[in-house]
Amino acid sequence: PLLGALVVAGVAANFVQVKALFAPEIIKPKFEKLNPLAGFKNIFFSSRTYIELVKNLIKFGVIFWVLYSSIKGSMRDIIPIASMRLDQTATLAGSLISSLLYKVGVVFLILGGADYMIQKKLHMKNMMMSKEEVKQEYKEQEGDPHVKHMRKHLFEQLMHESVAHNVP
40 PLLGALVVAG VAANFVQVKA LFAPEIIKPK FEKLNPLAGF KNIFFSSRTY IELVKNLIKF
100 GVIFWVLYSS IKGSMRDIIP IASMRLDQTA TLAGSLISSL LYKVGVVFLI LGGADYMIQK
160 KLHMKNMMMS KEEVKQEYKE QEGDPHVKHM RKHLFEQLMH ESVAHNVP
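Heads up, the sequence shown is in our numbering, so the first residue is 40 and it goes up one at a time.
Below is the structure:
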C-alpha cells in the first residue's frame, strides 16, 4: 500500500509538472553517450571538476581540523576512561559525542552557506550571456541593423516620391 501510494504520488507530481508529455526519443538509447573518452574528458578536463575538488578538500580539511582539535582538547578527560565505571564512561562518551556533533554541525552549516553562495555565484555567471550572445539576441529581436537601415531608406524614398507626386 505504501509503495503504491508513493508511485501514484510520483506519477501525479510528474503529470502536474509536464502534463501528458511523453517523449519516446528521450528513452531511445544513444550510443554516443557510451563513449568512455567523452566521459573521461568531462570528468578530468573541466574547470568545474577542479573547483569541486578544491571545495571538497577544504571541507574535509576544516572538518578534520575541528574533530582533531576537539579530541585533542578532550584528551585529559579521555585518558582516565579505562579506570572509570561503565555509567561514567557512557556519560563521558555521550557528552564528548554530543559536543563533537554540535561542533561539526555548526561547521556543516557554515560550509553549507558558503557553498550555497559559491554555487549561486557560479550559476549566475553561467547564465550570463556573452557579448556575442547579446548581439545575436538583439538581432533576432530587433532585426539586422543593415536590413533595418535599408527598409528605413526605402520608406523615406517612397514617402519623398509620394509627396512629390501629390504636390500639384
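We treat Cβ as the ideally placed atom computed from N, Cα and C, and that holds for glycine. Please read these numbers as outputs of a predicted model, since none were measured by experiment.
Is the stretch 134 to 143 touching the stretch 95 to 115 in the sense that three or more CB pairs, one from each, lie closer than 8 Å? Touching, yes.
Alpha carbon to alpha carbon, how far is Asn165 from Phe84? The alpha-carbon atoms of Asn165 and Phe84 are separated by roughly 18 Å.
Alpha carbon to alpha carbon, how far is Gly78 from Asn95? Each residue's alpha carbon lies about 21 Å from the other.
Quick one: give me the first and last residue of the alpha helix (DSSP H) that Met156 is part of. Per DSSP, the continuous alpha helix (DSSP H) segment holding Met156 begins and ends at 125 to 166.
If you draw a straight line from the alpha carbon of Leu41 to that of Val47, how long is it in whole angstroms? The straight-line gap from Cα to Cα measures roughly 10 Å.
Would you mind reading off the limits of the alpha helix (DSSP H) that contains Arg58? Looking at the sequence provided, one finds Lys at residue 58 rather than Arg. Counted as a single uninterrupted DSSP element, the stretch harbouring Lys58 is not any alpha helix (DSSP H), since DSSP gives it neither H nor E.
Between the C-alpha atoms of Ile90 and Asp154, what's the straight-line distance to the nearest angstrom? Our two residues, Ile90 and Asp154, have alpha carbons roughly 11 Å apart in a direct line.
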